[in-house]
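With the first letter of the sequence shown counted as 1, position 20 gets the number 81 in the numbering used here; the numbers rise by one all the way through.
As structure tokens, the structure follows; a few thoughts come after it.
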Amino acid sequence: MPDVTLAATDGTTVNLRGPGLSVVYAYPRTSPPGGNAIDGWDTIPGARGCTPQSCAFRDHFAELKGLGASHLFGLSTQTTEYQTEAAKRLHLPFPLLSDHSLSLAKALGLPTFEAGGLTLLKRLTMIIEDGRINHVFYPVDPPDKNADAVVAWLQTNHHSKAYG
């Protein structure tokens with residue numbers, strides 16, 4: 062993993078090079094409650110589904126921890142302030158990370174797309190262990206089943222270590 066530090070919605074900063082097993086799901090963006098998505102959003106393949114994806118990871122949080130995940134993060138290019146509202150509204154027990162400057166996206170060559178004058182991440186999920194990417198789920202479709210796929214992969218491929 063590159064040496065990139067990202068702001069998190071819990072007020073901390075996170076560098077994904079750290080120890081342990083991290084699950085990081087990248088999503089394009091969340092819309093504010095009652096807010097409108099970007100014009101043409103529904104015509105962009107894979108754009109819809111950020112809230113269901115986040116809620117599925119929320120619902121599988123304890124199971125992921127039980128399978129050895131020491132950290133679970135959502136990742137988007139939205140600002141931390143914007144993400145904080147979404148994290149609270151969706152009752153997420155894990156922080157969202159902001160790559161607003163695209164530092165991580167550029168360092169890893171993550172897939173992006175342009176919409177509404179914004180550069181957004183395409184949906185993907187990384188399994189990172191001790192600072193090394195072990196597996197990438199891409200493309201992710203449907204978004205609300207991504208957490209199920211991660212759980213199944215960890216059950217089959219990860220021999221749980223005692224992470225704190």
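Every residue gets a Cβ at the ideal spot worked out from N, C-alpha and C, and that includes glycine.
{"Asked": "Identity of the residues DSSP links to Glu175 by a beta bridge", "Found": "Thr180"}
{"Asked": "Residue nearest to Ala166 in terms of C-alpha spacing, selected from Pro154, Leu185, Lys149", "Found": "Leu185"}
{"Asked": "Contacting residues, own chain, Cβ-Cβ under 8 Å from Trp214 (five flanking each side not counted)", "Found": "Ile188, His196, Phe198"}
{"Asked": "Local conformation of Ala108 per DSSP, three classes", "Found": "coil"}
{"Asked": "Cβ-Cβ separation, His219 to Leu128 (assumed contact under 8 Å), whole Å", "Found": "6 Å"}
{"Asked": "Extent of the continuous beta strand (DSSP E) to which Phe155 belongs", "Found": "Per DSSP, Phe155 belongs to no beta strand (DSSP E) and is neither H nor E."}
{"Asked": "Beta carbon of Pro156 nearer than 7 Å to that of Asp64", "Found": "no"}
{"Asked": "Inter-stretch contact (C-beta, 8 Å, three-pair minimum) for the stretch 131-140 and the stretch 66-85", "Found": "yes"}
{"Asked": "Burial state of Ala210, where buried means 16 or more other Cβ atoms lie within 10 Å", "Found": "exposed"}
{"Asked": "Expected contact under 8 Å - CB spacing of Leu181 and Pro89 to nearest Å", "Found": "4 Å"}
{"Asked": "Any 3 or more C-beta pairs closer than 8 Å across the stretch 142-152 and the stretch 106-118", "Found": "yes"}
{"Asked": "Whole runs of the beta strand (DSSP E) within the stretch 69-93, excluding any shorter than 3 residues", "Found": "74-76, 82-87"}
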